[in-house]
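Visitor:
Numbering (my numbering), first residue to last: 4 to 222.
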C-alpha cells in the first residue's frame, strides 16, 4: 500500500500544484516511485494522453516532476466549463456529458467508485501518492458532498499540508480562519502549514508564525 500525503490550500491559486510537483520531484530524487493525484480538476485546457484520454495539465506537469508517464488515473474527473453555470464532465479521460453546477453537485458522489478505482490503479505501481486538493476545504457550503478536499482526505486516510498565499495578503487570517472552520476530525488531519510565495527576510514572519502555532496548534 502506497503512502499518501495531501496538499490543500486556503483558496484557489495558493500554489498547491507547484508544491505537489516539488514534493513529487523530491520523493523521486530520494529514490521513491511517486505519482500525483487530483480527484477533480477544473480547467478549460486539457492534455491528451498517449491512450487518447483527457486529463488536467497540472497533473501532467506533476507527473513530469515525478519522472513518470502522465495517465488519466492521475485526474479521474475533469470539469471543462461551458457556461458560467455548467461544465462538460470528463471521467477517466472520456466525456460523460454536460451538467449544470446544481446537477453535478447532486451527482458527484456517485463518482466516488471511479475516484477510488483510479487511486488504486496508481497505488499498485507507486510507493507514494501526492494528492492535490481544490479551492479551499473551508467552503462549508460544499462540505456535504466533498470529493476533492477533506472528503477525499478522509476517503484515502491522508494527512494534509495546508498552503496559504502571502502574496495576496492576509495569510495568517487565511490559515487560521481555515483551521477554525474545519470540523475537529478534519483539523486533526492537518499536520503542517505552508506560507507560500514569501519574498524577503523570513524573520519578519516570526510573530505571526508563533501566533499561528499557538492558536492553530499546527506547526
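Cβ atoms here follow ideal geometry from the backbone N, Cα and C, with glycine treated the same way.
Going by Cα to Cα distance, which pick from 126, 133, 178, 127 is closest to residue 62?
Guide: Selection 126, 133, 178, 127 evaluated against residue 62 yields 133 as nearest (Cα-Cα).
Visitor: Considering only residues of the same chain and omitting the five flanking positions on each side of residue 153, which have a CB-CB separation below 6 Å?
Guide: 140, 189
Visitor: Counting beta carbon pairs with one atom in the segment 32 to 47 and one in the segment 72 to 83, are three or more of them shorter than 8 Å?
Guide: yes
Visitor: In terms of residues, what are the limits of the alpha helix (DSSP H) holding residue 90?
Guide: Here residue 90 belongs to no alpha helix (DSSP H); instead the beta strand (DSSP E) covers 89 to 94.
Visitor: When DSSP labels each residue in this structure, what does residue 20 get in the three-state scheme?
Guide: helix
Visitor: Does the beta-carbon of residue 47 have 16 or more other beta-carbons within 10 angstroms, so that it is buried, or is it exposed?
Guide: With fewer than 16 other Cβ atoms within 10 Å, it is exposed.
Visitor: The alpha helix (DSSP H) that contains residue 176, what's its start and end?
Guide: Membership of residue 176 in the alpha helix (DSSP H) is indicated by the continuous run 174 to 184.
Visitor: What residues in its chain sit with their C-beta under 8 Å from that of residue 143, if we drop five residues either side in the sequence?
Guide: If we look at residue 143 and ignore the five residues flanking it on each side, its Cβ neighbours are 184.
Visitor: Would you check if the distance between the CB atom of residue 225 and the CB atom of residue 131 is smaller than 8 Å?
Guide: Limits of the chain in this structure are 4 at one end and 222 at the other, which puts residue 225 out of reach.
Visitor: Leaving out five residues before and five after residue 91 in sequence, what residues of the same chain have Cβ atoms less than 7 Å from its Cβ?
Guide: 83, 85, 98, 101
Visitor: Since residue 215 contacts residue 178 with CB under 8 Å, what's their CB separation in whole angstroms?
Guide: 6 Å
Visitor: Measuring alpha carbon to alpha carbon, tell me which of 45, 220, 116, 14 ends up nearest residue 155.
Guide: 116
Visitor: So what's residue 204 in DSSP terms, helix, strand or just coil?
Guide: coil
Visitor: Measuring straight from C-alpha to C-alpha, what distance separates residue 33 and residue 212?
Guide: 29 Å
Visitor: What does DSSP give as the partner residue(s) for residue 11 in the beta ladder?
Guide: Note: residue 11 is bridge-paired with 165 in the DSSP secondary-structure output.
Visitor: At a cut-off of 7 Å, would you count residue 194 as near the ligand SAM, judging by its Cβ distance to the nearest heavy atom?
Guide: Questions concerning the ligand SAM fall outside what the structure shown contains, since it holds no ligand whatsoever.
Visitor: My output table needs one value for residue 144: the three-state DSSP class, helix, strand or coil.
Guide: helix
Visitor: Can you grab the Cα-Cα spacing for the pair residue 121 / residue 75, in whole Å?
Guide: Distance between the alpha carbons of residue 121 and residue 75 is about 8 Å.
Visitor: Just to confirm my understanding: we take residue 65, look at its own chain, exclude 5 residues before and 5 after, and list those with CB closer than 8 Å. What are they?
Guide: 20, 23, 24, 27, 39, 77, 133, 135
Visitor: Excluding the 5 residues flanking residue 148 on each side, which residues of the same chain have their C-beta closer than 7 Å to its C-beta?
Guide: 108, 111, 112
Visitor: State the Cα-Cα distance for the pair residue 4 and residue 159, rounded to the nearest angstrom.
Guide: Cα-Cα distance, rounded: 11 Å.
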